[in-house]
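Quick mapping for you: the protein sequence lines, in order, are chains V and Y.
If you're matching positions, the first sequence starts at 10 in the numbering used here and goes up one per residue.
If you're matching positions, the second sequence starts at 19 in the numbering used here and goes up one per residue.
Heads up, the beta-carbon is just placed ideally off N, CA and C, and yes, glycines get one too.
See below for the structure under consideration.
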Amino acid sequence: MNAKITTSNSATGKAIQPFSAEKPLVDAVIDVKGLTKKYGDRTVVDDFSIRVERGQIYGFLGPNGSGKTTTIRMLCGLLTPDAGEGQCLGFDIRKQAMQIKRQVGYMTQKFSLYEDLSIAENLDFIARVYAVADRNKVVDETLARLGLSTRRTQLAGSLSGGWKQRLALAACLLHDPKLLLLDEPTAGVDPKARREFWDQIHDLAADGLTVLVSTHYMDEAERCHRLAYIAYGKLLANATATELIQQSGLTTWSATGASLHALAKSLRSVPGVAMVVPFGATLHVSGANAALLDLSLKPYFDQADYRWIKIEPSLEDVFIGLMNSATDNYQ
Amino acid sequence: MSASSILSMPGGLFSWHRFVAVLLKEFVQMKRDRLTFGMIVGVPIIQLVLFGFAINTDPKGLPAAVVINDESPFSRALVRGLENSQYFKFTHRAASEAEADRLLKLGEVQFVLVIPADFSRQLQRGERPSLLMAADATDPSATGNALATVNQTIKQVMDRELTGTLATLKSVELPIDLRIQRRYNPEGITRYNIVPGLMGVILTMTMIMMTSLAMTRERERGTMENLLATPVRPIEVMAGKIAPFIMVGYAQVTIILIAAKLIFGVPIVGGLLLLSLALIVFIAANLSVGFTFSTIAKNQLQAMQMTFFFFLPSMLLSGFMFPFRGMPDWAQVLGEVLPLTHFLRIVRGILLKGNGFADIVPELWPIGLFMLVAGTVAMRRYRQTLD
Ligand SMILES: Nc1ncnc2c1ncn2[C@@H]1O[C@H](COP(=O)(O)OP(=O)(O)OP(=O)(O)O)[C@@H](O)[C@H]1O
Ligand SMILES: [Mg+2]
Numbered sequence: 010m011n012a013k014i015t016t017s018n019s020a021t022g023k024a025i026q027p028f029s030a031e032k033p034l035v036d037a038v039i040d041v042k043g044l045t046k047k048y049g050d051r052t053v054v055d056d057f058s059i060r061v062e063r064g065q066i067y068g069f070l071g072p073n074g075s076g077k078t079t080t081i082r083m084l085c086g087l088l089t090p091d092a093g094e095g096q097c098l099g100f101d102i103r104k105q106a107m108q109i110k111r112q113v114g115y116m117t118q119k120f121s122l123y124e125d126l127s128i129a130e131n132l133d134f135i136a137r138v139y140a141v142a143d144r145n146k147v148v149d150e151t152l153a154r155l156g157l158s159t160r161r162t163q164l165a166g167s168l169s170g171g172w173k174q175r176l177a178l179a180a181c182l183l184h185d186p187k188l189l190l191l192d193e194p195t196a197g198v199d200p201k202a203r204r205e206f207w208d209q210i211h212d213l214a215a216d217g218l219t220v221l222v223s224t225h226y227m228d229e230a231e232r233c234h235r236l237a238y239i240a241y242g243k244l245l246a247n248a249t250a251t252e253l254i255q256q257s258g259l260t261t262w263s264a265t266g267a268s269l270h271a272l273a274k275s276l277r278s279v280p281g282v283a284m285v286v287p288f289g290a291t292l293h294v295s296g297a298n299a300a301l302l303d304l305s306l307k308p309y310f311d312q313a314d315y316r317w318i319k320i321e322p323s324l325e326d327v328f329i330g331l332m333n334s335a336t337d338n339y340q
Numbered sequence: 019m020s021a022s023s024i025l026s027m028p029g030g031l032f033s034w035h036r037f038v039a040v041l042l043k044e045f046v047q048m049k050r051d052r053l054t055f056g057m058i059v060g061v062p063i064i065q066l067v068l069f070g071f072a073i074n075t076d077p078k079g080l081p082a083a084v085v086i087n088d089e090s091p092f093s094r095a096l097v098r099g100l101e102n103s104q105y106f107k108f109t110h111r112a113a114s115e116a117e118a119d120r121l122l123k124l125g126e127v128q129f130v131l132v133i134p135a136d137f138s139r140q141l142q143r144g145e146r147p148s149l150l151m152a153a154d155a156t157d158p159s160a161t162g163n164a165l166a167t168v169n170q171t172i173k174q175v176m177d178r179e180l181t182g183t184l185a186t187l188k189s190v191e192l193p194i195d196l197r198i199q200r201r202y203n204p205e206g207i208t209r210y211n212i213v214p215g216l217m218g219v220i221l222t223m224t225m226i227m228m229t230s231l232a233m234t235r236e237r238e239r240g241t242m243e244n245l246l247a248t249p250v251r252p253i254e255v256m257a258g259k260i261a262p263f264i265m266v267g268y269a270q271v272t273i274i275l276i277a278a279k280l281i282f283g284v285p286i287v288g289g290l291l292l293l294s295l296a297l298i299v300f301i302a303a304n305l306s307v308g309f310t311f312s313t314i315a316k317n318q319l320q321a322m323q324m325t326f327f328f329f330l331p332s333m334l335l336s337g338f339m340f341p342f343r344g345m346p347d348w349a350q351v352l353g354e355v356l357p358l359t360h361f362l363r364i365v366r367g368i369l370l371k372g373n374g375f376a377d378i379v380p381e382l383w384p385i386g387l388f389m390l391v392a393g394t395v396a397m398r399r400y401r402q403t404l405d
């Protein structure tokens, strides 16, 4: 696997960031080094460094429990790092949490607005806390944009899961933040609303808003300017989606045909095959060593039942590959 | 098929497996909640100690002041005799009746004994001199037993002292005109004491309970994370959460006062303005305690338990349920720490005795101090992060 993406197999387990040295510091909205968080003797985030530039939409990916939420909390001063330092919006993340909070919009993974307040009351509360100018107008506009004007007096707790997410996002945009930290903002949101959300994010980023967004959706990852991949608390990859695919060194074959399930089963034990992933009516078979993979698949290529095409690995293939190698390293 | 197998049949009315599943889950959850576990053990112990050792409904050694306007062996014998009855302890020797009355008003003493000038001379002449025993009867149960024995005690003293030629003065009737005055509550009506006291008790209960849920609810519902992510400061959160309850407190007081006057006919002698001043301090002290609890409790149940844990000794050791002076010293020391103890003295003082500002200061500052300490602890406990 390409060392530029992951060097977690090196002795220190440190992720190398290809860009940190050459780029100027001026426009870094987030610039942290060596962030570490421990719960008891478990290191949940380990030596995490990242630089996010102004106007960037940074995707934050990683398996469940990899430390995404914990990292985001450290960035906005909700958790104190055990080690590491850095700045967020030009303020020290350890000492100037208050200044950071004023300019950050943080959307929590779990709905954390008041369920026993109405939609409008929630927005009003947030607007007051941030001393938003022209509060009533801003709240009304937000409600209109969400299409919730007619339901403004409905209790937030009675909203459906997806609507709660949309309300929470609107709430963290009220005070015109310079940085958005979004923790799985679109979990449970329908495709149309997701698209609208991403269009809005891109519009905001074009105006200079910086966004760090965690997600488990690949289509969303592809919409980010840059991606950071974290597993077991370690930053394993940090590049654009295209770079990641190119640098992954994966070769992927796609098979179509009947009884793909049986095919998948038999391929799993074949040398050189790292992953066998069903994608709808096709099967993606990937491996890091192209020659070995081709050799192993040779007998299957000749079977008339399947049609084989060599494809570019998808982002998902790359991430699952990363996840697998990280597990290997971890154990 | 046996009965047990019918019962434990899957889909039956009562499934043993399902019952055991719920049972085990409950035990595990109970075990996890350390505080609840502690309360299960702690509450009975506290109750036993308080009820068993601390509470004495027949208080003895009650502080009394004596005004002796007639230095004579009779006066001394009288004082000694009353002390020997165990109910009275003459802690103050007042120069004048006015001074003694002030001690009574401040609650320094429970009784004042006034021995008039010419007492022994009149006694020897068989003129039945008058002897005044004034009691602070705001709490009739504290003074009742003591007053009931006075007559008998004095008779015994006289029987002993009147010897020789004076023995003729001994009669079935007391050779003294004993006047007992039950001050502030002449008819010894218990509710005059209870109703103002209830004001303190109700405030303690509701104020602590409401605020103890303040932060706990945020934490339990997950809204804490959002709140902490905003620039709001701890002091703003605390003040914002406490202020509404001060108003709630005043509303309660208004209701209680109206009920006290109209339904229970409690005489309201003192100034209500002064009372509202004392109330601010008292309510704020309770709210600080509640807020401290809410920074410690992990869930709302724990918050309620802590409230109860504080409330119980407040009820029992403050002099609300039982006469304060009937408790052993250690319990009195504990009681002196509690805001309710001082507030009871203030509210009874103002409403029943008509105490003024200067009179309540000695009871007001301990509540203020308590509030400061509790407030500081609350602020220190308040975490601005989720660690
Ligand atoms: N308060 C806590 N006490 C102990 N361990 C914790 C605590 N909070 C998080 N962890 C642990 O830290 C690790 C990282 O958690 P985190 O919530 O950051 O993961 P995540 O990447 O956001 O996962 P997900 O995708 O499921 O949201 C997990 O293993 C979790 O168990
Ligand atoms: Mg998370």
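So, at 7 Å on beta carbons, what are the nonlocal neighbours of residue i in its own chain, with the 5 sequence-adjacent residues on each side left out?
{"i": "V/P33", "result": "Note that V/P33 has pLDDT 47, beneath the 50 cutoff, so the model's placement of it is unreliable and no number is given."}
{"i": "Y/R146", "result": "P193, I194 and D195"}
{"i": "Y/N373", "result": "K123, G288 and G367"}
{"i": "V/L302", "result": "T260, G281, V282 and G296"}
Is the shortest distance between the beta-carbon of residue i and the beta-carbons of chain Y less than 9 Å?
{"i": "V/A106", "result": "yes"}
{"i": "V/F100", "result": "no"}
{"i": "V/I39", "result": "no"}
{"i": "V/K173", "result": "no"}
{"i": "V/K110", "result": "yes"}
{"i": "V/Y238", "result": "no"}
{"i": "V/Y139", "result": "yes"}
{"i": "V/E31", "result": "Its pLDDT being 45, under 50, V/E31 is placed unreliably in this model, and the value from its coordinates should be taken loosely. So no, V/E31 is outside the interface."}
{"i": "V/V222", "result": "no"}
Which same chain residues, not among the five before or five after residue i, have their C-beta less than 8 Å away from its C-beta?
{"i": "V/R316", "result": "A264, T265 and G266"}
{"i": "V/F421", "result": "One cannot answer for residue 421 of chain V here, as it falls past the ends of chain V, which runs 10 to 340."}
{"i": "V/E62", "result": "K32, D36, A37, V38 and T219"}
Keeping to the same chain, check which residues put their C-beta closer than 6 Å to that of residue i; ignore five residues upstream and five downstream.
{"i": "Y/A135", "result": "N87 and D88"}
{"i": "V/S29", "result": "In this prediction, V/S29 scores a pLDDT of 43, lower than 50, which makes its location untrustworthy; the coordinate-derived value is nonetheless stated afterwards. Around V/S29: R60."}
{"i": "Y/D119", "result": "none"}
{"i": "Y/F388", "result": "A303 and P357"}
{"i": "Y/A247", "result": "none"}
{"i": "Y/E115", "result": "V85 and V132"}
Under 9 Å between C-beta atoms, does residue i make it to chain V?
{"i": "Y/R366", "result": "no"}
{"i": "Y/L246", "result": "yes"}
{"i": "Y/R398", "result": "no"}
{"i": "Y/T420", "result": "The question about residue 420 of chain Y has no answer, for chain Y in this structure spans 19 to 405."}
{"i": "Y/D405", "result": "yes"}
{"i": "Y/Q402", "result": "yes"}
Please say whether residue j and residue i have beta carbons closer to each other than 9 Å?
{"i": "Y/T156", "j": "Y/Y210", "result": "yes"}
{"i": "Y/S159", "j": "Y/P341", "result": "yes"}
{"i": "Y/F329", "j": "Y/I226", "result": "yes"}
{"i": "V/Y67", "j": "V/A246", "result": "no"}
{"i": "Y/A95", "j": "Y/V175", "result": "yes"}
{"i": "V/I102", "j": "V/E94", "result": "yes"}
{"i": "V/F57", "j": "V/G43", "result": "yes"}
{"i": "Y/S336", "j": "Y/L362", "result": "yes"}
{"i": "V/R161", "j": "V/S121", "result": "no"}
{"i": "V/L292", "j": "V/L306", "result": "no"}
In the segment 112-137 of chain V, which residues sit with their C-beta less than 8 Å from some C-beta in chain Y, listed in chain order? V113, Y115, T117, K119, F120, S121, L122, Y123, E124 and I135
With 7 Å as the C-beta to C-beta threshold (strictly closer), list the residues of the segment 240-272 of chain Y near chain V in chain order. G240, T241, E243, N244, L246, A247, T248, P249 and V250
Specify which residues have a beta carbon nearer than 6 Å to any heavy atom of ligand 2, listing them in chain order. V/K77, V/T78, V/Q118 and V/D192
Using a Cβ cut-off of 9 Å, which residues of the segment 74-95 of chain V contact any Cβ in chain Y, in chain order? R82, C85, G86, L87, L88 and T89
What are the residues of the segment 262-289 of chain V that lie near chain Y, defined by any Cβ-Cβ distance shorter than 8 Å? none
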